[in-house]
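Chemist: This is the structure I want to talk about, given as structure tokens.
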Amino acid sequence: MSKHRPSNNPDRMLQVAVLVDTSTDWGRQLIRGITTYAQKHGPWHLQVEPRGRNEQVQLPKNWEGDGIIARVANHKIAEDLRFINVPIVNISGIELDGVSFPRVTTDYEAVAELAAEHFISRGFQRFAYVGPFKLSYVKQHADAFERRISAHGSQLERFDYAHESMASQRWLKQSQRLGSWLTKLDKPIAIFSWGTTASCQLLDVCRFRKILVPDDVAVLAGDNDDVISETTVPPLSAILNPSKQVGYRAAKRLDRLVRRQQDHGEDERIPPIEVVTRGSTEVLAIEDEELTLAVQFIRRNAFSVLTVRQVADSVPMTRRSLERKFKKWIGRTPLEEIRRLRIARVKELLATTDLAISRVAEATGFGTPEYMTTVFKQEMGLTPLRYRSTVRAR
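If you're matching positions, the sequence shown starts at -18 in our numbering and goes up one per residue.
As structure tokens, then:
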């Protein structure tokens, strides 16, 4: 049992254990967020042990430290941590009965909303979800996705996925079962999956069964891994989650707890950043040829000077007809679609590059940083600079 040693000296090096896996991009980015906070507000000494997702991460015997940031994924971990008398911040999205550690995690409702919006904006009317439903939090994720597409007038197909080794017979049997399920689905269909592993197997099965991706089946992973996503054929679209920001905010919260400052006690849920669009969803499933041409024109030209009149003339059709079809199939106006694409690109550039705000405005079709800032603040509730600072945990 560690003895809690509250620090009255702000210059004393805090001893903090980080109990998360290091094998996934999610875990590594989260640790980077913690490290960023520690470097800025430390000195901290971080205890990090390389571990895989399914390996139990434990503290050394007789560990004496000031606080812990942990992925509390099951009751066994929670029970072990209860006997350690230091502040603990939980960064897991898993809801566990009776576990009430202060928590900072991804807003998975917002993730599901973003995924549904990504598919709906491409004209999909059919949807499916692939994930391990024995895990309650995966079922909640799928339920949130279903609520959004139900509001769009659609139903959800589900496939209960199990994480298996590629070398096992169980993986082969699951591929066969997955292939039979995919073959029976009405197409085109948009499939949202819990994680990268399931998405990769989906793409493999589609290729083996000669199911066209993304034309017949579009696949979106619930978490982005840059390395794995670029190895698939086609490259895998994925949700860019705020892992680094979760780590930073968890470290900030732990710092307050260690210093015995007041804590609000509520979960902090941080929304995803954006969809990283790659080949597996780069398609339109709109059953209207004129509207398809108009949407394609917008996507080719959204980041340059573009008006709704230019879009209508490109088809051609009247502006009134264009707006009516946009409302019917996509649920918004052409101008709203142009702005949505531009804002999404601004968010991605702010989160992943160091481009100056003026360059971001120029690259996304807004022209001036002042105009971009006005529109961005209307949509997001904060300025581009503030957004960048928030998502990059600076």
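A virtual CB, placed ideally from N, CA and C, is assigned to each residue, including glycine. None of the values given here were measured: they were computed from a predicted structure.
1) Skipping 5 residues on each side, what residues in its chain have a beta carbon closer than 7 angstroms to that of Gly312?
2) What's the C-alpha gap between Pro350 and Val(-3)?
3) I'd like the span of the beta strand (DSSP E) that includes Ser174, first residue to last.
4) So, with DSSP's three-state summary, where would you put Asn71?
5) Which residue's Cα is closest to the Cα of Gln106: Arg320, Leu40 and Lys168?
6) Is DSSP giving Arg(-7) helix, strand or coil here?
7) Going by Cα to Cα distance, which pick from Arg190, Gln226 and His144 is closest to Asp88?
8) Tell me whether the segment 178 to 198 and the segment 41 to 49 touch, counting them as touching only if at least three CB pairs, one residue from each stretch, are closer than 8 angstroms.
9) Report the partner residues of Arg84 according to the DSSP bridge assignment.
10) For chain B, find out if any of its Cβ atoms is closer than 8 angstroms to the Cβ of Phe64; answer yes or no.
11) For Lys(-16), does the count of other Cβ atoms within 10 angstroms reach 16, so buried, or fall short, so exposed?
12) Which of the three DSSP states is assigned to Leu322 in this structure?
13) Which whole-angstrom value is the C-beta distance of Pro83 and Arg234, which I expect to be below 8 angstroms?
14) Grab me the residues of Asp244's own chain with a C-beta within less than 8 angstroms of its C-beta, minus the 5 sequence neighbours each way, in chain order.
15) Please state whether DSSP places Ser(-17) in a helix, a strand or coil.
16) Please specify which runs of the alpha helix (DSSP H), each continuous and at least 4 residues long, are wholly inside the segment 242 to 309, giving them in chain order.
17) Counting beta carbon pairs with one atom in the segment 195 to 215 and one in the segment 136 to 156, are three or more of them shorter than 8 angstroms?
18) Identify every residue that forms a DSSP beta bridge with Trp25.
19) From Thr273 to Leu330, what does the alpha carbon distance come to, in whole angstroms?
20) Under a Cβ-count criterion, where at least 16 other Cβ atoms within 10 Å of its own Cβ denotes burial, should Leu363 be classed as buried or exposed?
21) Select from Val1, Val(-1), Gly14 and Asp6 the residue whose C-alpha is nearest the C-alpha of Ser370.
22) Which residues share a DSSP beta bridge with Val92?
23) Determine the contact status of Val327 and Pro297, defining contact as a CB-CB distance below 8 angstroms.
24) Have a look at Arg(-7) and Ala51 and give me their C-alpha separation to the nearest angstrom.
Modeler: Reading off the structure:
1) These residues qualify, in order along the chain: Ile101.
2) Their Cα atoms are separated by approximately 41 angstroms.
3) For Ser174, the uninterrupted beta strand (DSSP E) run begins and ends at Ile170 to Ser174, by DSSP.
4) Of the three classes helix, strand and coil, the one that applies to Asn71 here is strand, per DSSP.
5) Checked all of Arg320, Leu40 and Lys168; the closest Cα to Gln106 is Lys168.
6) In this structure, Arg(-7) counts as coil in the three-state DSSP scheme.
7) Of the candidates Arg190, Gln226 and His144, the one whose C-alpha sits nearest the C-alpha of Asp88 is Gln226.
8) Cβ pair count under 8 angstroms is below three, so no.
9) Answer is Asn71, bridged to Arg84.
10) The question asks about chain B, but that chain is absent: this structure has only one protein chain.
11) A caution first: Lys(-16) carries a pLDDT of 49, below 50, which makes its placement in the model unreliable, though a value can still be read off. Exposed is the call here.
12) Correct three-state label for Leu322: helix.
13) Between the beta-carbon of Pro83 and that of Arg234 there is about 6 angstroms, and that keeps the pair under the 8 angstroms contact cut.
14) Here Asp244 has Pro83, Arg234, Arg237 and Leu238 as same chain residues with Cβ atoms under 8 angstroms from its own Cβ, once five neighbours each way along the sequence are excluded.
15) With a pLDDT of 48 at Ser(-17), under the threshold of 50, the predicted position of this residue should be treated as unreliable, and no value is reported.
16) With a minimum length of 4 residues, the continuous alpha helix (DSSP H) runs that stay inside the segment 242 to 309 are 270 to 282 and 289 to 295.
17) Short answer: they don't touch.
18) DSSP output for Trp25 lists Leu(-5) as bridge partner(s).
19) Their Cα atoms are separated by approximately 27 angstroms.
20) The residue in question, Leu363, is exposed, as its Cβ has fewer than 16 Cβ neighbours within 10 Å.
21) Comparing Cα-Cα distances from Ser370 to each of Val1, Val(-1), Gly14 and Asp6, the minimum goes to Gly14.
22) Paired residues: none, contrary to the question.
23) Result no, Cβ atoms of Val327 and Pro297 do not sit closer than 8 angstroms.
24) Whole-angstrom Cα-Cα distance: 22 angstroms.
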